[in-house]
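Asks: Going line by line, the protein sequences match chains P and X. Residue numbering for the first sequence follows the working numbering, starting at 76 and increasing by one per position. Residue numbering for the second sequence follows the working numbering, starting at -8 and increasing by one per position. We treat Cβ as the ideally placed atom computed from N, Cα and C, and that holds for glycine.
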Amino acid sequence: MENIRVLVAKPGLDGHDRGAKIIARSFRDAGFEVIYTGLRQTPEEIVEAALQEDANVVALSLLSGAHNTLFPKIVKMLHAAGMTDVLIIGGGVIPEEDIPGLKAAGVAAIFTPGTPTAEPIAFIKEFFADK
Amino acid sequence: MELVEKLLAGERLALSRAITIVENERAEAEHIMQAIYPHCGRAIVIGITGSPGAGKSTLVDKIAFEYRKQGKTIGIIAVDPTSPFTGGAILGDRLRMSSLSTDKAVFIRSMGTRGSLGGVSIKTADAIKLMDAFGKDVIIVETVGVGQSETEIMKHADVTAVVCVPGMGDDIQAIKAGIMEIADILVVNKADRDGVDKLMRELQMLVELNHSLGGRIIPICKTIATTDAGIAEFNQMVDDFFAESQQNGELALRRSRRRRQELIERIRDHAAKRVQAIIATAVLADTVKALEAGTRDIYSVQQEIEQRLFK
């Protein structure tokens, strides 16, 4: 069986990684290999890490409000780096009205506060079920 | 093969994908490894091992950064444990390697230990070769924290450094028998902490004893990875050891021993998988059930299965 490799990254300037750590731990328990990159990552750092680690999933956690800038930027850079098949998901304090725009920009799903950890896990598993 | 050409041409995504293929034991892995094999053998492989929390990742970050000042290109393989229950893992070494995070001449790959069939060391060996063929000058392998498997690293590295930290107390006793024996260089990290003098005394005693029994004098390097203290000295020790072992034939000896060892491991790994497959076959279902229920003994079942395996 092939392990699903998930890069959990926190772009931008907020210093709150409790959510990211909880999701990382839940992903681990779901059998994923989680590459945890820590706080305050630039898009360049995240894309580099995804490329070197050959991540299947890039899970972005962001609470600062900069998602409309950073998420699409990361998607574009990942694609430019040749990682067109990577699943990109996001989580954090993200207003409902921003979600359609982010999805249009290439973020496959957005998970907002209060989402049970089982949801993104099921989403990822389903995405890779036929691969 | 297109992927191999791209890898040899220095395309980083190709290297990344190749490691994935090998790690997942996909069918094309063997072809890739065969194709890149002639391009291997140029890199220095440094193994870094030690107990959890000894500061291995931070040390690796600084060692690599120091080598970068000399213009050397770096590959890093950081191994973290896989959960035996879920198969999941948190690969967190990269977190401590932030000074390298956008340097395109540095390639960091995190690996989980995954299955238990000895696969980890084979896969690490293959990842080393891929990075070597890619053209990395220095490849640093960071092992998982403490455990018997730590001695595995010496099978893959040209130079092995064992990282110790002050304040481990009686733990020093435990490592004397195992990993202390594989050290080409001893590192005392977090050398600004209490107990560093005591640790240095203990290690010096060990080194002297080793020397009096006919071994070489193992250098001890004091480092404080967080402030860069001792890092340049460490790299010098590595380079010295490498040059020395190149001259006196030790390097060639280690590398030839490594090839033989790896062959055995590969065959053992394949054999183990075959055993598992055989045990899972329908013909043996009743036998295995009887064994599991405790109505048949392990030894006669073993004989029965081995007859199938080696016939």
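#1: Check each candidate in X:224, X:34, X:84 and name the one with the smallest Cα separation from residue 128 of chain P.
#2: Are any of the Cβ atoms in chain P nearer than 8 Å to that of residue -1 of chain X?
#3: What is the DSSP secondary structure of residue 118 of chain X, reduced to helix, strand or coil?
#4: Please report whether the beta-carbon of residue 103 of chain X lies at a distance below 8 Å from any beta-carbon of chain P.
#5: If I follow the unbroken alpha helix (DSSP H) through residue 52 of chain X, where does it start and stop?
#6: Does the distance between the C-beta of residue 54 of chain X and the nearest non-hydrogen atom of the ligand ATP fall short of 7 Å?
#7: Which residues mark the beginning and the end of the beta strand (DSSP E) in which residue 213 of chain X is found?
#8: Should residue 103 of chain X and residue 104 of chain P be called a contact, given that it needs their Cβ atoms to be closer than 8 Å?
#9: Tell me the DSSP secondary structure of residue 94 of chain X in three-state form.
#10: Roughly how many angstroms separate the alpha carbons of residue 193 of chain X and residue 176 of chain X, rounded to a whole number?
#11: Which two residues bound the contiguous beta strand (DSSP E) that contains residue 163 of chain P?
#12: Which residue comes first and which comes last in the beta strand (DSSP E) that contains residue 38 of chain X?
#13: Over the uninterrupted beta strand (DSSP E) stretch that includes residue 28 of chain X, give me the two end residues.
#14: Is the shortest distance between the beta-carbon of residue 120 of chain P and the beta-carbons of chain X less than 8 Å?
#15: Between which two residues does the beta strand (DSSP E) holding residue 135 of chain X run?
#16: Looking only at its chain, what residues have a beta carbon closer than 8 Å to the beta carbon of residue 106 of chain P, apart from the 5 residues adjacent to it on each side?
#17: Consult DSSP for residue 107 of chain P and reduce its assignment to one of helix, strand or coil.
#18: Take the Cβ of residue 116 of chain P as the centre, count every other Cβ of all protein chains shown within 10 Å, and call the residue buried at 16 or more, exposed below.
#19: What did DSSP end up calling residue 109 of chain X once you bin it into helix, strand or coil?
#20: Using beta-carbon positions only, say whether residue 39 of chain X and residue 132 of chain X come within less than 8 Å of one another.
#21: Decide if residue 15 of chain X is buried, meaning its Cβ has at least 16 other Cβ atoms within 10 Å, or exposed.
#22: Less than 7 Å between C-beta atoms, sequence neighbours within five positions excluded: which residues of the same chain meet that for residue 88 of chain P?
#23: Which two residues bound the contiguous alpha helix (DSSP H) that contains residue 176 of chain P?
#24: Note down, in chain order, all residues in the region 95 to 113 of chain P with a beta-carbon under 8 Å from any beta-carbon belonging to chain X.
#25: Determine the burial state of residue 22 of chain X: buried for a count of at least 16 other Cβ atoms within 10 Å of its Cβ, exposed for fewer.
#26: Give a yes or no on whether 8 Å exceeds the smallest Cβ distance from residue 80 of chain X to chain P.
#27: Given a limit of 7 Å on CB to CB distance, which residues of the region 5 to 25 of chain X reach chain P?
#28: Evaluate contact between the region 184 to 195 of chain P and the region 82 to 98 of chain X, counting only Cβ atoms and requiring at least three cross-stretch pairs below 8 Å.
#29: Quick one: what's got a C-beta closer than 6 Å to residue 199 of chain P's C-beta in the same chain, skipping five residues either side?
#30: So what does DSSP say about residue 80 of chain P, is it helix, strand or coil?
#31: Could you tell me the boundaries of the alpha helix (DSSP H) in which residue 129 of chain P lies?
#32: What does residue 229 of chain P reach in chain X if we use C-beta pairs closer than 7 Å?
#33: Run down chain P in chain order and give the residues with a C-beta less than 7 Å from the C-beta of residue 74 of chain X.
#34: Closer than 8 Å by beta-carbon distance: list the chain P residues that pair up with residue 86 of chain X, in chain order.
Replies: According to the structure shown:
#1: Within the first sequence, the letter at position 53 stands for residue 128 of chain P. If we check each option's Cα against that of residue 128 of chain P, X:84 comes out closest.
#2: Within the second sequence, residue -1 of chain X is the residue found at index 8, counting from 1. By this cut-off, residue -1 of chain X is not an interface position.
#3: Your numbering for residue 118 of chain X matches position 127 in the second sequence. It is helical.
#4: Start at 1 with the first residue of the second sequence, and residue 103 of chain X comes out as number 112. At least one chain P Cβ lies under 8 Å of residue 103 of chain X.
#5: Taking the first residue of the second sequence as position 1, residue 52 of chain X is located at position 61. 47 to 60 is the extent of the alpha helix (DSSP H) around residue 52 of chain X.
#6: In the structure on display, the ligand ATP does not appear, and there are no ligands present to speak of.
#7: Residue mapping note: residue 213 of chain X aligns to position 222 of the second sequence, counting from 1. Segment 211 to 213, the beta strand (DSSP E) holding residue 213 of chain X.
#8: For the purposes of this step, residue 103 of chain X is identified with residue 112 of the second sequence, where counting begins at 1. For the purposes of this step, residue 104 of chain P is identified with residue 29 of the first sequence, where counting begins at 1. Contact flag unset, no.
#9: The count along the second sequence starts at 1 and reaches residue 94 of chain X at position 103. Note: residue 94 of chain X maps to coil in three-state DSSP.
#10: On the second sequence, residue 193 of chain X is found 202 positions in, with the first residue counted as 1. On the second sequence, residue 176 of chain X is found 185 positions in, with the first residue counted as 1. Spanning the two alpha carbons is a distance of roughly 15 Å.
#11: By 1-based counting over the first sequence, the position of residue 163 of chain P is 88. Unbroken beta strand (DSSP E) run through residue 163 of chain P: 162 to 167.
#12: Here residue 38 of chain X refers to the residue found at position 47 when the second sequence is read from its first residue. Its beta strand (DSSP E) spans residues 35 to 41.
#13: On the second sequence, position 37 is the one that residue 28 of chain X refers to. Note, residue 28 of chain X: premise wrong, no beta strand (DSSP E); not H, not E.
#14: Position 45 of the first sequence, counting from 1, holds the residue named residue 120 of chain P. Yes - at least one Cβ of chain X is within 8 Å of the one on residue 120 of chain P.
#15: Numbered from 1 along the second sequence, position 144 holds the residue referred to as residue 135 of chain X. First-last for residue 135 of chain X: undefined, no H or E at that position.
#16: As a first step, residue 106 of chain P is located in the first sequence; it is residue number 31 there, counting from the start. Counting only Cβ-Cβ distances below 8 Å, and skipping sequence neighbours, we find 78, 79.
#17: Position 32 of the first sequence, counted from the first residue, corresponds to residue 107 of chain P. In this structure, residue 107 of chain P counts as coil in the three-state DSSP scheme.
#18: Indexing the first sequence from 1 puts residue 116 of chain P at position 41. Buried.
#19: Residue mapping note: residue 109 of chain X aligns to position 118 of the second sequence, counting from 1. Only weak support is given to the placement of residue 109 of chain X: the predicted model assigns it a pLDDT of 44, under 50, and the value that follows is read from those uncertain coordinates. Coil, per DSSP.
#20: What you label residue 39 of chain X is simply residue 48 of the second sequence in a count that begins at 1. What you label residue 132 of chain X is simply residue 141 of the second sequence in a count that begins at 1. Yes. Within cutoff.
#21: Locating residue 15 of chain X in the second sequence gives position 24, where the first residue counts as 1. Burial call: exposed.
#22: Taking the first residue of the first sequence as position 1, residue 88 of chain P is located at position 13. Here the set comprises 115, 139.
#23: Indexing the first sequence from 1 puts residue 176 of chain P at position 101. 174 to 179 is the span of the alpha helix (DSSP H), which, as asked, contains residue 176 of chain P.
#24: 99, 100, 102, 103, 104, 105, 106, 107, 108, 109, 110, 111, 112, 113
#25: The residue labelled residue 22 of chain X in the question sits at position 31 within the second sequence. Exposed: under 16 other Cβ atoms inside 10 Å.
#26: As a first step, residue 80 of chain X must be located in the second sequence, where it is residue number 89. It does: the Cβ of residue 80 of chain X has a partner Cβ on chain P nearer than 8 Å.
#27: 7, 8, 10, 11, 15
#28: no
#29: Translated into the one-based positions of the first sequence, residue 199 of chain P becomes position 124. Closer than 6 Å at the Cβ level, and outside the excluded window around residue 199 of chain P, lie 132.
#30: Position 5 of the first sequence, counting from 1, holds the residue named residue 80 of chain P. In this structure, residue 80 of chain P counts as strand in the three-state DSSP scheme.
#31: The sequence position of residue 129 of chain P within the first sequence is 54, counting from 1. First-last for residue 129 of chain P: undefined, no H or E at that position.
#32: Residue 229 of chain P lies beyond the residue range present for chain P, which begins at 76 and ends at 206; the question has no answer from this structure.
#33: In the second sequence, the residue the question calls residue 74 of chain X occupies position 83. Ordered by position in chain P, the residues that pass the 7 Å Cβ test against residue 74 of chain X are 103.
#34: Numbered from 1 along the second sequence, position 95 holds the residue referred to as residue 86 of chain X. By Cβ distance, chain P contributes 111, 112, 113.
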